[in-house]
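Taking this note's numbering, the leading residue of the sequence shown gets 1, the next gets one more, and so forth. Glycine residues also receive a C-beta, built at the ideal position from the N, C-alpha and C atoms. Since the structure comes first, as structure tokens, the remarks are kept for the end.
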Amino acid sequence: MNSQRSIGWGVVATGNIAHSVTGDLQLLENSRVAAVSSRERARAEAFAKEFGIDQAYDDVDALIDDDAVDVVYVATPHAQHSAIVRSALEAGKAVLCEKSFTTTLADTEKLVALARERGVFCMEAMWTRFNPLIVKVRELVADGRIGEVRSVSAELGMIGPDDPHHRLWDPALGGGALLDVGVYPVAFAQMLLGTPADVRVTGSLTARGVDAEAGLMLSWPGGARAHLEASLVSPVPGGAVILGTEGRIEIPPRFHSPALIRYVHTPARGVEEPELHDADREGRGYVPMLRAVAQAVREGRTECAQMPLSDTIDVMRILDEALRSLGVQYPDPAPMS
Ligand SMILES: NC(=O)c1ccc[n+]([C@@H]2O[C@H](COP(=O)([O-])OP(=O)(O)OC[C@H]3O[C@@H](n4cnc5c(N)ncnc54)[C@H](OP(=O)(O)O)[C@@H]3O)[C@@H](O)[C@H]2O)c1
């Protein structure tokens with residue numbers, strides 16, 4: 001296996017995150033953006049011109065079939081992920097799909113089963129896990145530097161857009177706080193404590209029936225717990241704290257893409273010993289994840305250890321349960337036109 005082989009990326013959609021991630025793909029060594037697809041040819045062509053991409057398609061299947069595309073990066077709204085990921089996996093193409101992976105646990109489980117059956121690389125784009133400081137957090141916890149983790153608190157949110165037609169408010173596009181911002185605190189708690197034994201949620205819905213805000217309390221056998229918050233109606237600062245029996249880790253806002261963490265060792269008797277860690281951000285912060293995906297694909301691996309498909313299932317199980325408890329029901333997505 002050529003460890004330097006150039007990887008060709010195909011970007012599906014031309015919205016916000018497609019722009020940010022494509023910019024970061026251009027910073028990545030031994031990778032090139034080979035194609036982009038949009039529902040509208042003119043948008044695909046404008047995006048291709050902006051980023052110097054060779055192929056612009058108005059048909060996602062044409063992008064998937066393009067031999068120059070090794071990895072299909074799915075950047076559509078949540079409800080439109082599932083059908084595209086399925087098509088790519090069936091064609092044997094590696095997939096990096098934006099969070100949240102799908103709108104239901106059932107869809108996630110079907111796609112994971114397909115990826116495993118076909119032996120094709122597939123990952124949810126949970127970029128937080130590749131941030132060097134989150135990698136450091138995991139090391140500190142794994143090395144026992146805060147003792148046993150007893151509690152995690154994490155929050156993310158913002159005041160959502162004024163536009164009532166925006167995807168965040170639209171049930172047909174998988175709108176709502178949990179799938180958009182709640183996935184980050186949930187994936188963070190799951191990373192630290194694994195599959196919870198119990199999920200409690202409280203929140204409020206919009207008139208169109210998506211969750212405007214949600215507070216979650218997850219618990220694990222033995223009493224460890226996570227207090228999580230997601231909102232599209234409050235300017236949530238976005239910090240996180242991990243409390244252990246011998247110390248804590250504080251991640252100032254916004255915790256899902258930190259530039260700084262504070263580790264505090266708290267001996268039973270004695271003074272606190274705070275330690276600051278910082279790290280430069282590469283591009284807009286997606287580069288470490290994109291590099292890991294490219295390397296996994298080069299090496300013929302089907303998953304990244306930082307965000308395995310089993311974690312995507314666990315995270316989606318928590319979100320699914322919370323959405324059901326709140327009474328959110330997504331309609332079946334319309335086919336891409
Ligand atoms: N990782 C991160 O930091 C991050 C940040 C923001 C969002 N996201 C995730 O990325 C995904 C997209 O979010 P975004 O903020 O980029 O959304 P966005 O700006 O609305 O862009 C979504 C794009 O998807 C395409 N699309 C396909 N089917 C669509 C449909 N039925 N309705 C509307 N658009 C459709 C459109 O591109 P065409 O018109 O060209 O087809 C649209 O521009 C979501 O899963 C979101 O959670 C991740």
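Coarse secondary structure for residue i, derived from DSSP in three states
i    : result
H359 : Since the first residue shown for the chain is 1 and the last is 337, residue 359 is missing from the structure and cannot be characterised.
Y263 : strand
S337 : The predicted model places S337 with a pLDDT of 43, which falls under 50 and marks its position as unreliable; any figure quoted below should be read in that light. Looking at S337 - three-state DSSP - the assignment turns out to be coil, as it is neither helix nor strand.
A147 : Sequence inspection shows Gly at residue 147; the Ala mentioned does not correspond to that position. Reduced to three states, the DSSP call for G147 is coil.
D59  : coil
M123 : strand
L173 : helix
Y184 : helix
I134 : helix
T14  : coil
A212 : strand
S31  : strand
Q4   : coil
G52  : coil
E40  : coil
L232 : coil
R298 : helix
E273 : strand
G160 : coil
S204 : strand
Through-space distance from residue j to residue i, alpha-carbon basis
i    : j    : result
E246 : R262 : 14 Å
G175 : V36  : 24 Å
M158 : V236 : 6 Å
S337 : H265 : Only weak support is given to the placement of S337: the predicted model assigns it a pLDDT of 43, under 50, and the question is left unresolved by the model.
G144 : V135 : 15 Å
H277 : P252 : 12 Å
A62  : A48  : 15 Å
F101 : G285 : 19 Å
V137 : E90  : 36 Å
T128 : L178 : 16 Å
D162 : L168 : 10 Å
E29  : L133 : 22 Å
V233 : G160 : 6 Å
Q80  : D66  : 20 Å
V46  : E272 : Sequence inspection shows Ala at residue 46; the Val mentioned does not correspond to that position. About 55 Å.
S257 : G239 : 10 Å
G194 : L105 : 17 Å
I17  : L25  : 12 Å
A44  : V12  : 9 Å
V112 : T302 : 11 Å
P333 : P77  : 10 Å
P274 : L260 : 13 Å
V72  : P185 : 26 Å
A56  : I84  : 17 Å
E139 : A279 : 15 Å
S325 : W220 : 19 Å
M289 : A34  : 19 Å
M307 : V74  : 16 Å
G119 : D70  : 14 Å
Presumed contact (8 Å Cβ cut-off) between residue i and residue j, rounded CB distance
i    : j    : result
L218 : D198 : 7 Å
I64  : S87  : 6 Å
R200 : S151 : 15 Å between Cβ atoms; not a contact.
K99  : A125 : 6 Å
S38  : T14  : 5 Å
V95  : G244 : That belief does not hold up - the Cβ atoms of V95 and G244 are roughly 36 Å apart, past 8 Å.
I7   : A294 : 4 Å
Short Cβ contact (9 Å threshold) for residue i with residue j
i    : j    : result
V141 : I318 : no
E68  : D58  : What sits at residue 68 in the sequence shown is Ala, not Glu. Result no, Cβ atoms of A68 and D58 do not sit closer than 9 Å.
R41  : L156 : no
A115 : L323 : no
E282 : L27  : yes
V315 : A187 : yes
G23  : F51  : yes
V183 : V328 : no
A154 : A189 : yes
Counterpart residues of residue i in DSSP-defined beta bridges
i    : result
E250 : V241, R262
H227 : S153, M217
D278 : L260
S82  : S82 is not bridged to any residue.
A94  : V71
D66  : D66 pairs with nothing; no bridge assigned.
D198 : S219
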